[in-house]
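S.K.: Quick one: the structure is below, and I'll ask about it shortly.
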Amino acid sequence: MAVTLKAEKREDLNKSVTKQIRESGYVPSVVYGKDKESKTISVNSIELVKTVRDEGINAIMSLDIEGEQPVNVMLYDYQKDPLRDELLHADFYMVNMAEEMDVEVPLHLEGEAQGAKDGGVLQQPLYQLQVRSKPADIPEAITVDVTKLEIGDTITVADLPEAAEYEFLDTEDTTIATVVPPDTVSETDEASDEDAEPELVGADGKDEE
-6 MAVTLKAEKR EDLNKSVTKQ IRESGYVPSV VYGKDKESKT ISVNSIELVK TVRDEGINAI
54 MSLDIEGEQP VNVMLYDYQK DPLRDELLHA DFYMVNMAEE MDVEVPLHLE GEAQGAKDGG
114 VLQQPLYQLQ VRSKPADIPE AITVDVTKLE IGDTITVADL PEAAEYEFLD TEDTTIATVV
174 PPDTVSETDE ASDEDAEPEL VGADGKDEE
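For the sequence shown, my numbering assigns the number 202 to the last residue and increments by one with no breaks.
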């Protein structure tokens, strides 16, 4: 069942009004979908963060816009102030619960690899998996047990168990986890240091409003 998130219509897009919305604890947002007219809204910042934290980044939310019928949405994108750790803007995508969609799902490794106990180093080159499924069947996360991994062993997408509710889109030979000898890690770090480019000084990034 989708979690309800209340939203207010946002008709005045003036910068001063947008600033007031943020100061009042709300996030200026847009909701749109395939063959759907986009709408400008605002949602409570705390409620949005709580929903994503509790339900996951791919949570289905029933967006309750004042004066309109609720619509099922997912958080598609967001902008954040890196200094104040505040949400600046959010994009919601209206989903069709009967149609499959492609999403990124967090990848978690579980357990302590035997190879790590023996002196090797566990590496995780991939932290998200591409998954295709209907919205209600999107897993919150994919968890992989690495306890049996020995030094030199590798787990790839092909090793993941198949699920009837969703399919993996990453190529089967994509590495998920591997345990390498400690001397391999040292050589890699040294090569990275030698190839590293000098850091740019005085280059400032600006967040999109």
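No residue lacks a Cβ here, since even glycine has one placed at the ideal position from N, Cα and C.
1) Return the chain-ordered ranges of every beta strand (DSSP E) run that is complete within the segment -1 to 76 and spans a minimum of 3 residues.
2) Could you name the residues of the same chain whose beta carbon sits closer than 8 Å to that of residue 104, not counting the 5 residues immediately before and after it, in chain order?
3) Less than 9 Å separating the beta-carbons of residue 116 and residue 100?
4) Going by beta carbon distance, what residues of the same chain come within less than 8 Å of residue 173, once the five residues before and after it are set aside?
5) Residue 205 lies in the beta strand (DSSP E); which residues open and close that run?
6) Report all residues from its chain with a CB closer than 6 Å to the CB of residue 275; omit the five preceding and five following residues, and keep chain order.
7) Rounded to the nearest angstrom, what separates residue 151 and residue 53 at their Cα positions?
8) Quick one: what does DSSP say residue -5 is sitting in, helix, strand or coil?
9) Report buried or exposed for residue 2, applying the criterion of at least 16 other Cβ atoms within 10 angstroms of its Cβ.
10) Put residue 95 into one of helix, strand or coil per three-state DSSP.
11) Can you look up residue 146 in the DSSP assignment and give me helix, strand or coil?
12) So is residue 7 buried or exposed if we call it buried at 16+ other beta carbons inside 10 Å?
13) Compare the Cα-Cα distances from residue 49 to each of 132, 87 and 171 and report the closest residue.
14) Mind checking whether residue 31 and residue 25 have CB atoms under 9 Å apart?
15) Using the rule of at least 16 other Cβ atoms within 10 Å of the residue's Cβ for burial, across every protein chain shown, is residue 51 buried or exposed?
16) Mark residue 142 as exposed unless 16 or more other C-beta atoms lie within 10 angstroms of its C-beta, in which case mark it buried.
17) Between the Cα of residue 0 and those of 10, 66 and 95, spot the shortest distance and give me the residue it belongs to.
M.R.: By the coordinates alone:
1) 19 to 26, 29 to 37, 54 to 58 and 64 to 74
2) 138, 139 and 140
3) no
4) 113, 114, 116, 144 and 145
5) No answer is possible for residue 205: the residues shown for the chain start at -6 and end at 202.
6) This structure gives no information on residue 275, because the portion of the chain shown stretches from -6 to 202.
7) 28 Å
8) coil
9) exposed
10) strand
11) coil
12) exposed
13) 132
14) yes
15) buried
16) buried
17) 66
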